[in-house]
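Okay, so here's the structure we're looking at.
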Amino acid sequence: MPPVRPTRRSLIAGGLGAVATAAVPLSLSTPAAAAGLIPIRLAGPTGPAPVGAVELHLVDSSRTDPWSGQAREVMVTVTYPAADVRDRAVLPWLPAGAERALKARFGGAVDGYALPRTHSADRAPVRPGRRPVLLHSPGHQADRTFNTLLIEDLASWGYVVVAVDHPYDSGEVEFPDGRVVGTRPDDGSLEAVTAAVAVRAADLRFVLDQLAVLDRGGNPDAERRPLPRGLRGTPDLTRVGTFGHSRGGAASATMMYLDERVRAGIDLDGGLFGPVVEHGLDRPFLLMDTAIYDGLNQDPSWPPFWAHLTDWRRCLRLADADHNSYTDIVALAPQVPEPVRRTLQAGTIPADRAVAAVRASVRAFFDLQLRGRPDTGHLLRGASPRHPEILYIAG
C-alpha cells in the first residue's frame, strides 16, 4: 500500500502486529526464522482462561451479494474460553492467501516480515458454561482479525466473540477453497456508505441466526468442518452485544436498531449512517473517539444519534490516539519500517497503554450491561487511575 495517510472513512488495511513485549518469542526453528523473516508478535490475553477459536464459512442463500451477484457468504471466527489447549495448533493472524494479498497492498515494504500467530487454539474444546455473545465488525478495508488483541482478551474473560468479515467491504477475505476476495472501493458518498453499512448489518443479523443453529447442536459451516467439543449450549443468546471499529461501529449501531436481540453496543471511532442516526436506540450504547476525530463536535451524524439515545449512553475518548489506536495496528508501529509506520494512524499513545485501555473499557462496558457488574463503572466515567488515557466526554 502506498505510504499515504488514509481518510477517516477509509480504514487502512495494515494492522499487522501487537505488543511484542508480552508475546511468546518465536524459536529459531520456526518457519519465519528459517526463512529469514522478522517476526511480528501478538500479546497474549490477560484473563484466566486459555482461548480457542473456530473459523466458519456461512452462506446466506436468502440474500444476493450486491457485489458478486451470488448468494451472500461471510467468513467468521468464533473465539471462546477453552477447556484445554494442549497440543493444539494456533490460528494464524491471517491465512496464507490473505497474508499474501495484504502484503501486496504494501508494495513489498513488509515482505520481510512474518505476520503473527494468534493465541487462539484451533478448535480447542470449550470451557463449560453459558457465555455472553459479542459480535464484532471491522472497519472498511480491514480484516476481522485486526482486533485480535481485544477479541482474545474478551474471550479469556468469559465471552464468546464472533468476528465477521464482510466480503468486498472488509479487507482480504479468504474462503476455505482458497479464494481471496478484496475490497471493492466505493466512492465514499453518503449513499454508497449507507448501503454498505446496511449490508454489514444484514450480515451480522444472519450470523446471529446461525449462532442459534450452532447453539442447538447444528453445524452451519458450509463445508461442515468439525466444530469444537462443547460449543453447543455455550452461546447465551439472551445476552448479546455488538461492537465495531470505524465502519464496523456504524454497522453495530444499525444492527442494534434493526434487531432487538442485541442488548448493548459500542462504536469505536466511526461515523454513523442510516435511520439509526435520527431515531437513536433504546438500549445502552457507548461511543469512543479521539481528539482528532472529536465525534460530537465534528461528525454531523453523532449529535442527532446522541440526542436520540434513550437508555444508558456515554462518550469516552482515548488520549493521544488516532483512528487505528483502537485496533491491533496501534502496536504495529514499533515493529515495521518507518515508511509503513507513517501510514498507520496509530497516534502517539504508547502501544501497551492503548491496548490495555481499550481492552479494559470494552470489557467494563459489556460486564456492566450484559453481566450486571457495576464494579468497573469508574472506568466508564473516565476516572480510573489505572487507565488515565480514558477520558470522559459526555453522558
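For the sequence shown, the positions run 551 to 945 when my numbering is used.
Cβ coordinates follow ideal geometry from the N, Cα and C atoms, glycine included.
Burial state of D637 is exposed, judged by a 10 Å Cβ sphere holding fewer than 16 other Cβ atoms. In the displayed model, G602 falls within a strand according to three-state DSSP. In this structure, E702 is the residue among L644, E702, F915, R650 with its C-alpha nearest to the C-alpha of T629. By the C-beta criterion, the stretch 763-776 is judged to be in contact with the stretch 597-607, since at least 3 inter-stretch pairs fall below 8 Å. Separation of the CB atoms of F835 and V912 is rounded to 13 Å, and the pair is thereby denied contact status at 8 Å. In the assembly as shown, H690 is a buried residue. Its beta-carbon has 16 or more other beta-carbons within 10 Å. Here F793 carries a strand assignment [DSSP, helix/strand/coil]. Going by C-alpha positions, T898 is about 6 Å away from A871.
Exposure of T614 is indicated by the presence of fewer than 16 other C-beta atoms within 10 angstroms of its C-beta.
Distance check between R921 and each of D839, R789, T893, A944 places R789 closest, using alpha-carbon atoms only. When the beta-carbon positions are compared, W643 and R680 stay at least 8 Å from each other.
Assigned with DSSP and collapsed to three states, G594 falls in coil, not helix or strand. In this structure, DSSP gives H829 a helical state, which the three-state scheme calls helix. In this structure, Y718 keeps its C-beta atom at 8 Å or more from the C-beta atom of W852. Shown here for L929: same chain residues with a beta carbon closer than 7 Å to its own, the five before and five after excluded, namely A910, S911, A914, H937, I940 in chain order.
Looking only at G662, A751, S611, the smallest Cα-Cα distance to A713 is reached by A751.
Around the CB of H829, fewer than 16 other CB atoms lie within 10 Å, so the residue is classed as exposed.
The continuous stretches of beta strand (DSSP E) do not include A632, and DSSP gives it neither H nor E. Residue pairing of Y942 in beta bridges, as defined by DSSP: L866.
Distance between L831 and A883, taken at the CA atoms: about 36 Å. Inter-residue distance for N847 and G586 is about 48 Å (C-alpha atoms, whole angstroms).
Taking P600 as the centre and dropping the five residues before and after it, the same chain places the C-beta of A632, V635 closer than 6 Å to its C-beta, in chain order.
For H686, the beta-bridge partners assigned by DSSP are A713, F793. With contacts defined by Cβ atoms closer than 8 Å, L818 and A803 do not form a contacting pair. Annotated as proximal: P785 and V683, with beta-carbon spacing under 8 Å.
Spatial neighbours of G927 in its own chain (CB-CB distance under 8 Å, excluding positions within 5 residues in sequence) are listed in chain order as A914, L918. Under a 10 Å Cβ-count criterion, G602 is classified as buried, with 16 or more other Cβ atoms of the shown protein chains found around its own Cβ. T698 carries a helical assignment under DSSP once its states are collapsed to helix, strand and coil. The shortest C-alpha to C-alpha distance from I816 to any of S612, D844, T877, H795 is the one to H795.
When DSSP states are grouped into helix, strand and coil, A881 belongs to the helix group. For the pair V757 and L685, the CB atoms are nearer than the 8 Å cut-off. Contact between V624 and D753 holds: their C-beta atoms lie close to 5 Å from each other, under 8 Å. When DSSP states are grouped into helix, strand and coil, H873 belongs to the helix group.
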